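Enquirer:
In full-length UniProt numbering, the protein residues as written are 1 to 149.
If you want it as structure tokens, here you go:
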């Protein structure tokens, strides 16, 4: 991970290489930054949403044949976490956040789908989800409301 400038405890900002281990370290660091500022369930929601987004960037925006960076910013404001993710990989299909329905779970256990849950989980936990592409840059933003547990 690259060095960061000193920032207040209510804000986290980092730029990492789009690699699985760097994503894991970033998730740990963001949770440490907000420890004691948000509750356990909110921390779990933050980790889940960021993990889904960042792993999608690593796997789909860059893939095995490309390398690049991801910028992440999380700020605690007005009872919510404002999150922004920026990358320079491939755009989302159709330049939009996928809107497909959740996978069918009315099947036998052996046929349960393994993938396809990420955007469903993100939509369930976040609000104000927005995506845009500017030149060769992807911008994703969302708000995670806090439960104040």
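No residue lacks a Cβ here, since even glycine has one placed at the ideal position from N, Cα and C.
Just so we're clear, the structure is a prediction, and the values are computed from it rather than from any experiment.
#1: Does DSSP put residue 132 in a helix, in a strand, or in coil?
#2: I'd like the span of the alpha helix (DSSP H) that includes residue 42, first residue to last.
#3: Rounding to the nearest angstrom, what Cα-Cα distance links residue 66 and residue 42 in this structure?
#4: Just to confirm my understanding: we take residue 71, look at its own chain, exclude 5 residues before and 5 after, and list those with CB closer than 6 Å. What are they?
#5: Helix, strand or coil: which one does DSSP assign to residue 66?
#6: Could you pull out every residue in the same chain whose Cβ sits closer than 7 Å to the Cβ of residue 52, ignoring the five residues on either side in sequence?
#7: Checking 8 Å against the spacing of the C-beta atoms, do residue 23 and residue 126 come in under that value?
#8: Within 10 Å of its beta-carbon, does residue 94 have 16 or more other beta-carbons around it, so buried, or fewer, so exposed?
#9: Check this for me: beta carbons of residue 92 and residue 62, under 8 Å apart or not?
Expert: This is what the structure gives:
#1: Here DSSP, grouped into helix, strand and coil, assigns residue 132 to strand.
#2: That run of the alpha helix (DSSP H) goes 40-56.
#3: If I take the Cα positions, the gap works out to 33 Å.
#4: So the qualifying residues of the chain are 15, 86.
#5: When DSSP states are grouped into helix, strand and coil, residue 66 belongs to the coil group.
#6: Closer than 7 Å at Cβ, skipping near neighbours: 118, 121, 122.
#7: Contact flag unset, no.
#8: Exposed, by the Cβ-count rule.
#9: The answer is no: Cβ separation not under 8 Å.
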